[in-house]
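Asker:
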Amino acid sequence: DAVEDLLIQDGKIARLGKGLEAPDGTPVIAAAGKVVCPGFIDIHAHLREPGYEYKETVATGTKAAAAGGFTAVACMANTNPVNDNRSVTDYILAKARSEGFVRVYPIGAVTRGLEGKELAELAELAEAGCVAYSDDGHPIMNSALLRRAMEYTLPFGLPIISHAEDAHLVQGGVMNEGVVSTELGLGGRPATAEEVMVARDCCLAELTGAHVHIAHLSTAGAVRLVKEAKARGIRVTAEVTPHHLLLTEEAVRGYDPNTKMNPPLRTKRDQEALLEALADGTIDCIATDHAPHALSEKEGDFDGAAAGIVGLETAVSVLLDRLVRPGLLSFKILVERLTAGPARVLNLPGGSLAPGVEADVTILDPAR
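Structure (structure tokens):
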């Protein structure tokens, strides 16, 4: 951290230092009193296009990202048609080039149609520009199939992102299983459902040598499993969402469908474990899991409402307000987990202000 000037030339970081002179004709941004940092990267967002444009589009989603300080987003494969082949990846990238406000990195499906039955065109997806694979909210219950996917994709160097919930254990559940769900009369999704899948995924990563990334970690037990796996040298990384860092199951007491998401909001103990793991590096990055829906899909009864919450526009400001300002998390760690951390997980450009890298920059006003 230092008070310095930043020179950008030809779209790249040219120099960083004190008293730099801008070449004639170069636009100058006066950022005194501001924080200039690498552009934020969100590696878990749902841009909904193609197929669900009534929820979100590449244009609206990336505009929201830019408004929130993100300069790059990786978008999940649960589109219609599913991003399980080159033509869909090409479509997303073309839309990003013509209508996007930030960089867009597609994530390809692991299985055809997200059905968990047969592998998608994994090599083709890598060649087309996908940066990872995931069946997102459709956990791959067939362990042999997931093992094959890990072995097959190993030469491509792309991680498999796991939505770690045992589909059988969460069936019918709409919130965290426990005292609160019982009091509210709502079906529960037990913490164990996440933990058994995290354990399995880590074991398969150890067996195959593949890189598995655990999406939206939400339980203290899952944190412990990831920490132990890392200590054993297993190639596992993990992310946490702003909503799991800042909210608990107590928020569901009002039956507000906006508090319904998968995995669900957990206990205070889980929340504290997530924050500690984010600070000590067990959790590698923060990801929004931005999941917009039509208003009609988030209205009505809690059981029938769609699961998901938006986050691209608000994530950083809320984290600054609720974690950094009260002293619960350092500003430096927050920025790292939004920049260099996600860049390392998906091996993306950016996440740095080093000379020669792409000049994706975010400017923050700490006084606002």
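Count the sequence shown with my numbering and you get residues 1 to 368, in order. Each residue gets a CB set at the ideal place from its N, CA and C atoms; glycine is no exception.
1) Let me check understanding here. Comparing Cα to Cα, which of Gly68, Val58, Glu49 and Glu127 lies closest to Val318?
2) Which of the three DSSP states is assigned to Ser330 in this structure?
3) Considering only the alpha carbon of each residue, which of His293, Lys260, Ser181 and Asn78 lies closest to Gly113?
4) Taking a contact to mean a Cβ-Cβ separation below 8 Å, would you say Ser162 touches Val212 in this structure?
5) Are there three or more Cβ pairs, one per stretch, closer than 8 Å when the segment 263-280 is compared with the segment 321-330?
6) Checking the sheet assignment: what are the DSSP bridge partners for Met175?
7) Which first and last residues belong to the alpha helix (DSSP H) in which His213 is found?
8) What is the DSSP secondary structure of Ala302, reduced to helix, strand or coil?
9) Determine the direct distance from the alpha carbon of Ile214 to that of Ala341, and round the result to whole angstroms.
10) So what's Gly105 in DSSP terms, helix, strand or just coil?
11) Under the three-state reduction of DSSP, which class applies to Gly32: helix, strand or coil?
12) Cβ of Lys55 within 8 Å of Cβ of Ala294?
13) Go to Ile92, then tell me how far its beta strand (DSSP E) extends in each direction, as first and last residue.
14) Can you tell me the Cβ-Cβ gap for Thr208 and Arg147, rounded? I've got them flagged as a contact below 8 Å.
15) Decide yes or no for the touch test of the segment 123-138 against the segment 187-207: beta carbon pairs closer than 8 Å, at least 3 of them.
16) Please return the same chain residues whose Cβ sits closer than 8 Å to the Cβ of Leu312, not counting the five positions on each side in sequence.
17) When the Cβ atoms of the segment 5-15 are set against those of the segment 351-368, are three or more pairs found closer than 8 Å?
18) Write down the C-beta distance between Thr267 and Thr248 rounded to the nearest angstrom, noting that I regard them as a contact closer than 8 Å.
19) Please report how far the alpha carbon of Asp270 lies from the alpha carbon of Glu177, in whole angstroms.
20) Three-state secondary structure (DSSP) at Ala74?
21) Is the distance from the Cβ of Ile283 to the Cβ of Glu239 below 8 Å?
22) Closest by CA to Leu47, which one among Thr89, Ala32 and Met76?
23) Quick check: what's the CA-CA separation for Asp321 versus Pro263?
24) Thinking just about the alpha-carbon of each residue, which of Glu115, Leu145 and Ala149 is nearest to the one in Gly137?
25) Is Arg337 buried or exposed, if buried means 16 or more other CB atoms sit within 10 Å of its CB?
26) What are the residues that DSSP puts in a beta bridge with His290?
27) Rounded to the nearest angstrom, how far is the Cβ of Ala149 from that of Leu122, given a contact under 8 Å?
28) Report buried or exposed for Ser98, applying the criterion of at least 16 other Cβ atoms within 10 angstroms of its Cβ.
29) Tell me the DSSP secondary structure of Asp256 in three-state form.
30) Tell me, which residues are paired with Arg15 by DSSP?
31) With a threshold of 6 Å on Cβ separation, who are the neighbours of Pro257 within its own chain once the five nearest residues in sequence on each side are excluded?
32) Taking just the CA atoms, how far does Pro366 sit from Ala32?
33) Please state the DSSP three-state secondary structure of Ala238.
34) Tell me the DSSP secondary structure of Val318 in three-state form.
35) Using a 10 Å radius around the Cβ and a threshold of 16 neighbouring Cβ atoms, would you call Asn83 buried or exposed?
36) Shorter than 7 Å, the distance from the beta carbon of Pro257 to the closest heavy atom of the ligand COA, or not?
Answerer: Reading off the structure:
1) Within the sequence shown, residue 318 is the residue found at index 318, counting from 1. Closest option to Val318, Cα to Cα, is Gly68.
2) Along the sequence shown, one-based indexing puts residue 330 at 330. Residue state, collapsed to three classes: coil.
3) Taking the sequence shown and counting its residues from 1, one reaches residue 113 at position 113. Cα-wise, what sits closest to Gly113 is Asn78.
4) Indexing the sequence shown from 1 puts residue 162 at position 162. Indexing the sequence shown from 1 puts residue 212 at position 212. In this structure, Val212 lies closer than 8 Å to Ser162 by Cβ.
5) yes
6) Within the sequence shown, numbered from 1, the residue matching residue 175 stands at position 175. According to DSSP, Met175 bridges with Gly188.
7) Locating residue 213 in the sequence shown gives position 213, counting from the first residue. Here His213 belongs to no alpha helix (DSSP H); instead the beta strand (DSSP E) covers Val212 to Ile214.
8) Stepping through the sequence shown from its first residue, residue 302 is reached at position 302. The displayed chain sequence assigns Phe, not Ala, to residue 302. Residue state, collapsed to three classes: coil.
9) Translated into the one-based positions of the sequence shown, residue 341 becomes position 341. Translated into the one-based positions of the sequence shown, residue 214 becomes position 214. It should be noted that the sequence gives Gly, not Ala, for residue 341. When rounded, the distance between both Cα atoms is 14 Å.
10) In the sequence shown, counting from the first residue as 1, residue 105 sits at position 105. The amino acid at residue 105 is misidentified as Gly; the sequence shows Tyr. Residue state, collapsed to three classes: strand.
11) Counting from one through the sequence shown, the residue named residue 32 turns up at place 32. Going by the sequence as given, residue 32 is Ala instead of Gly. Residue state, collapsed to three classes: coil.
12) Position 55 of the sequence shown, counted from the first residue, corresponds to residue 55. Position 294 of the sequence shown, counted from the first residue, corresponds to residue 294. A contact, by the Cβ cut-off of 8 Å.
13) In the sequence shown, counting from the first residue as 1, residue 92 sits at position 92. Looking at the DSSP string, Ile92 is not in any beta strand (DSSP E); the run it does join, the alpha helix (DSSP H), is Arg86 to Glu99.
14) Translated into the one-based positions of the sequence shown, residue 208 becomes position 208. Translated into the one-based positions of the sequence shown, residue 147 becomes position 147. Thr208 to Arg147, Cβ: 6 Å. Contact.
15) Three or more beta-carbon pairs separated by less than 8 Å are not found between the segment 123-138 and the segment 187-207, which leaves the two stretches without contact.
16) One-based indexing of the sequence shown puts residue 312 at position 312. Counting only Cβ-Cβ distances below 8 Å, and skipping sequence neighbours, we find Asp42, Ala45, Gly61, Ala64, Ala65, Ala67, Gly68, Phe70, Val73, Thr288 and His290.
17) yes
18) Taking the first residue of the sequence shown as 1, we reach residue 267 at position 267. Taking the first residue of the sequence shown as 1, we reach residue 248 at position 248. Between Thr267 and Thr248 a beta carbon distance of about 6 Å is seen, short of the 8 Å cut, so the two are scored as contacting.
19) Position 270 of the sequence shown, counting from 1, holds the residue named residue 270. Position 177 of the sequence shown, counting from 1, holds the residue named residue 177. One C-alpha to the other measures close to 13 Å.
20) By one-based count along the sequence shown, residue 74 stands at place 74. The answer is strand: DSSP assigns Ala74 an E or B state.
21) Residue mapping note: residue 283 aligns to position 283 of the sequence shown, counting from 1. Residue mapping note: residue 239 aligns to position 239 of the sequence shown, counting from 1. Contact: yes.
22) Within the sequence shown, residue 47 is the residue found at index 47, counting from 1. Cα-wise, what sits closest to Leu47 is Met76.
23) Counting from 1 along the sequence shown, the entry for residue 321 is found at position 321. Counting from 1 along the sequence shown, the entry for residue 263 is found at position 263. Each residue's alpha carbon lies about 24 Å from the other.
24) For the purposes of this step, residue 137 is identified with residue 137 of the sequence shown, where counting begins at 1. The shortest CA-to-CA distance from Gly137 to any of Glu115, Leu145 and Ala149 is the one to Glu115.
25) Here residue 337 refers to the residue found at position 337 when the sequence shown is read from its first residue. Buried, because 16 or more other Cβ atoms sit within 10 Å of the Cβ of Arg337.
26) In the sequence shown, residue 290 corresponds to position 290, counting from 1. Paired residues: Ala45 and Ile309.
27) Within the sequence shown, numbered from 1, the residue matching residue 149 stands at position 149. Within the sequence shown, numbered from 1, the residue matching residue 122 stands at position 122. The Cβ separation is near 7 Å, so the contact holds.
28) Your numbering for residue 98 matches position 98 in the sequence shown. Under this definition Ser98 is an exposed residue.
29) As a first step, residue 256 is located in the sequence shown; it is residue number 256 there, counting from the start. Looking at Asp256 - three-state DSSP - the assignment turns out to be coil, as it is neither helix nor strand.
30) As a working note, residue 15 is residue 15 in the sequence shown. Residue pairing from DSSP places Arg15 in a beta bridge opposite Leu7.
31) Here residue 257 corresponds to residue number 257 of the sequence shown, with the count starting at 1. So the qualifying residues of the chain are Lys298, Phe302 and Ala305.
32) What you label residue 32 is simply residue 32 of the sequence shown in a count that begins at 1. What you label residue 366 is simply residue 366 of the sequence shown in a count that begins at 1. The straight-line gap from Cα to Cα measures roughly 11 Å.
33) Locating residue 238 in the sequence shown gives position 238, where the first residue counts as 1. Looking at Ala238 - three-state DSSP - the assignment turns out to be strand.
34) Here residue 318 refers to the residue found at position 318 of the sequence shown. Helix, per DSSP.
35) If you number the sequence shown from 1, residue 83 lands on position 83. So Asn83 ends up on the buried side.
36) The model on display carries no ligand, and the ligand COA is accordingly not part of it.
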